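In my numbering, the protein residues as written are 1 to 64.
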């Protein structure tokens, strides 16, 4: 895992993948991508440990 800005689109990071893919992640470290700034603000208010407590996750679909 690399530390990108949380708002960096996953498609910008994985541009070299030759086929579409789905990423399923349970958030257990301070690594996330493709989030909107308002999503981050809401999550920080609702659960300050959202990045590391394993209670949250993301499903991300990328088409190269």
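The beta carbon of each residue, even a glycine, is placed where N, CA and C say it ideally should be. In this text the structure is predicted, and so the values were computed from the model without any measurement.
Using a 10 angstroms sphere on the CB of residue 19, the tally of other CB atoms stays under 16, which defines it as exposed.
Residue 47 places its beta carbon 9 Å or farther from that of residue 39.
Residue 40: member of the alpha helix (DSSP H) spanning 37-46, first to last residue. In the assembly as shown, residue 32 is a buried residue. Its beta-carbon has 16 or more other beta-carbons within 10 Å. One Cα belongs to residue 5, the other to residue 16, and the distance between them is close to 19 Å.
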